[in-house]
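A.B. asks: Quick one: this structure, given as structure tokens, is what I'll be asking you about.
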Amino acid sequence: MRTVITFGTFDVFHVGHLRVIERAAALGDRLVVGVSADELNLRKKGRAPVFSQAERLEIVAALRAVDEVFVEESLELKRQYVTEHRADVLVMGDDWAGRFDELKDACEVVYLPRTPAISTTALIEKISSTG
Ligand code: CTP
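When you line the sequence shown up against this note's numbering, it's residues 1 to 131, in that order.
Shown next, in the form of structure tokens:
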């Protein structure tokens, strides 16, 4: 059993999120997703997410490719989450390339290319500007 773990906010869920999740799942037998807490998102991105953590967890958990979800409370706890969930592979989008290489002693670390031209931030801006 090869367990893959990935993390994200997954706010205003879009096709870039779906693709990274599906590609992460394809790297193993079981996919665990850490969905960032509202509080973490506020600290990390300087704004509250559009959808609450309960809603974001519910959406991600409903995906066929996802076996388990949990709330990611802190960016600093990646090693603990990898251990707790017995992850063999950590997958991150390549916007994080190199940032988690220190975990290579605990698991395989894979950075996947982002889907071009879509992001939650761009979607929020686009929707806000079409008054
Ligand atoms: N992701 C991706 N392709 C995109 C957007 C996101 O592969 N076009 C991936 C990220 O690399 C990450 C995961 O989806 O692994 C969750 O990213 P998240 O930060 O929640 O989404 P973004 O759309 O990047 O959000 P924001 O614009 O708020 O930074």
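Ideal Cβ placement from N, Cα and C applies to all residues, glycine included.
In terms of residues, what are the limits of the alpha helix (DSSP H) holding ILE127?
C.D. replies: Counting along the chain, the alpha helix (DSSP H) containing ILE127 begins and ends at 120–129.
A.B. asks: Are the Cβ atoms of LEU123 and HIS17 separated by less than 8 Å?
C.D. replies: No, the Cβ-Cβ distance between LEU123 and HIS17 is not below 8 Å.
A.B. asks: When DSSP labels each residue in this structure, what does GLU84 get in the three-state scheme?
C.D. replies: Of the three classes helix, strand and coil, the one that applies to GLU84 here is helix, per DSSP.
A.B. asks: Taking the straight line between their C-alpha atoms, what separation do you get for THR120 and ALA106?
C.D. replies: Cα-Cα distance, rounded: 31 Å.
A.B. asks: For LEU75 and LEU40, I'd like the C-alpha separation in whole angstroms.
C.D. replies: Using only the alpha carbons, I get a separation of about 8 Å.
A.B. asks: Is it right to say ILE127 is buried, meaning 16 or more other beta carbons lie within 10 angstroms of its own, or is it exposed?
C.D. replies: Per the 10 Å Cβ criterion, exposed.
A.B. asks: Leaving aside the five residues before and after MET1 along the sequence, list all residues of the same chain whose C-beta is less than 7 Å from its C-beta, in chain order.
C.D. replies: Excluding sequence neighbours, MET1 sits near ASP29 and ARG30.
A.B. asks: Smallest Cα separation from PHE100: which of PRO116, ILE118, GLN80 and ASP11?
C.D. replies: For the residues PRO116, ILE118, GLN80 and ASP11, the minimum Cα distance to PHE100 belongs to GLN80.
A.B. asks: Compute every distance between the C-beta of ILE118 and the non-hydrogen atoms of the ligand CTP, then say whether any falls below 7 Å.
C.D. replies: Yes, the ligand CTP has a heavy atom inside 7 Å of this Cβ.
A.B. asks: By the DSSP assignment, the beta strand (DSSP E) with ARG30 in it spans what residues?
C.D. replies: Per DSSP, ARG30 belongs to the beta strand (DSSP E) from 30–36.
A.B. asks: Report the CB separation of LEU103 from VAL82 in whole angstroms; it is logged as a contact under 8 Å.
C.D. replies: About 6 Å; that satisfies the 8 Å criterion.
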